[in-house]
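>
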Amino acid sequence: MAFDPQREDYQRLGLRFARSLDTSNPAEATRAFATFGRRFARERDTLPQSDGDRAFHLVATAAKHIDYELPFATDEEAENLIQHGHALLDEALQLDARCYDAMRMKAAADNPSFEAFFSFLTEGAEEVRRTCVEQRDHILANGESDERTLLAADIALRPYLRWIATQAEQALICGRNREAVRLTQVGLEADPHDSADMRFTAALAYAKLEDEQGLDALLLGPTATRGTRPANDPWTLLARLALAHKRYDLRAASDLLAELIRTYPHAAESLVRQIELPEGVFARLSVRPYSEDELVLALSEATVLLQEGRDPEGRGVLGVWLAGQAAQTLPRAVLQMLAEQAEANARAMGSSNQDGPR
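Once you know that position 17 of the sequence shown is 17 in our numbering, the rest is easy, because the numbers rise by one and skip nothing.
1. Counting only the same chain and skipping the five closest in sequence on each side, list residues whose C-beta sits under 6 Å from that of F272.
2. Let me check understanding here. Comparing Cα to Cα, which of R39, P159 and A298 lies closest to R104?
3. Scan the segment 234–294 and note each continuous beta strand (DSSP E) run of 3 residues or more that stays entirely inside, going in chain order.
4. In terms of residues, what are the limits of the alpha helix (DSSP H) holding K106?
5. Relative to the C-alpha of W163, which residue among G143, S119 and R178 is closest?
6. Please classify D137: does DSSP put it in a helix, a strand, or coil?
7. Taking all protein chains shown into account, do 16 or more other C-beta atoms lie within 10 angstroms of the C-beta of Y100, making it buried, or fewer, making it exposed?
8. Quick check on P71: buried or exposed, where buried means 16 or more other Cβ atoms within 10 Å of its Cβ?
9. Taking L295 and L277 to be in contact with their CB atoms under 8 Å, please state how far apart those CB atoms are, rounded to whole angstroms.
10. Check C174 in the structure and name its three-state DSSP category.
11. Scan the segment 182–218 and note each continuous alpha helix (DSSP H) run of 4 residues or more that stays entirely inside, going in chain order.
12. Between the C-alpha atoms of K106 and L250, what's the straight-line distance to the nearest angstrom?
13. What is the DSSP secondary structure of G356, reduced to helix, strand or coil?
14. List the whole-angstrom C-beta distance separating T184 from T166, where the pair is believed to meet the contact cut-off of C-beta under 8 Å.
15. So, at 6 Å on beta carbons, what are the nonlocal neighbours of L330 in its own chain, with the 5 sequence-adjacent residues on each side left out?
16. May I have the straight-line CA-CA distance separating E210 from A239, to the nearest angstrom?
17. For G52, which of A60, L89, A207 and D96 has the nearest alpha-carbon?
18. Mind the definition here: the segment 75–85 touches the segment 110–118 only if three or more C-beta pairs lie below 8 Å; say whether that holds.
19. Measure from the alpha carbon of R171 to the alpha carbon of each residue in V59, L257, H84 and V304, then state which is nearest.
20. Which residue comes first and which comes last in the alpha helix (DSSP H) that contains H65?
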């Protein structure tokens, strides 16, 4: 999955360290690079790095706190994680005023609504694109045609890809479905390999628009972009399932549901729960393809489809149908456990609401 901040942090310093060894003889360079992993983990400050590298390390640390630790934290831990994460982003911007990842992540908290955040992203998109494209082109023009140059150029463009991917996701959340499709097309033109997995957002937007031809063109046409995997990811399957359900083709919808359950472990439980996760502020959360985590993430993003025609229990027509169909495949004991968990969660939320804001 796209954009692991810790891996990118490692790549950035690895590239800079490798370049610092270019004047060494091969034997010395090999011995020196053998120490890189240990120094990166334990003595990072001894490695050559720019202010931009230091700023990105702060971004990666903030992403770890906010995106990967916060959802599992207690209330007290959550407050500390949020404060620490925001402090890291402020420090990153002090080191590098054009650290667009930090700028975007900070704006996600500073803007009071989805619409306000979308407007912020729209206003800044052209500057981010221009700066990142210029940096990438400069690297390509002045470097050799080798793996290091190509990786450096790829890294230079990533802040823009994350920016426009977030912009497309926010457009989808705000109900701007045609704009979400347009933005994903712009992103795919900039990165035909789809490092940001923008086709997943596009699939949901096409389903919202009931545009099956558009979805087919995205995934199956001559210019189709699929990244490095076939179009059997949960976003695509859920989009196709939603389209079938909307045209009352329950046989096709049931077949797609069966494929989803075959492909993903514990899919039925996830389809019954339909947990909503907070959006990743660095990027879409990096999870293992075909894992339960991936399905949970896709279901959360597909809330825009599942909750259409929302009922008093918080589920729409498709969400209710999916949960009901999935429940039929589960043993009675598992259904009882899920019911008890849902009741306990409802009580906990009710108690929290009675306590008032903190």
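Think of the CB as a built atom: it goes at the ideal place given N, C-alpha and C, for glycine as much as any other residue.
From the atom records:
1. It is Val, not Phe, that sits at residue 272 in the sequence shown. Answer for V272: A323, A326, A327 and L338, listed in chain order.
2. P159
3. none
4. Y100 to D110
5. S119
6. helix
7. buried
8. exposed
9. Their Cβ separation, rounded to whole angstroms, is 12 Å, which puts L295 and L277 out of contact at 8 Å.
10. coil
11. 198–208
12. 44 Å
13. Unreliable positioning characterises G356 in this predicted model, as indicated by a pLDDT of 40, which lies under 50. The coordinate reading is nonetheless provided below. Here G356 sits in coil by DSSP.
14. Contact doesn't hold; Cβ gap of about 12 Å is too wide.
15. A268
16. 9 Å
17. D96
18. no
19. The identity of residue 171 in the sequence shown is Ala, whereas the question assumes Arg. For the residues V59, L257, H84 and V304, the minimum Cα distance to A171 belongs to V304.
20. H65 -> no alpha helix (DSSP H), and no H or E assigned at all.
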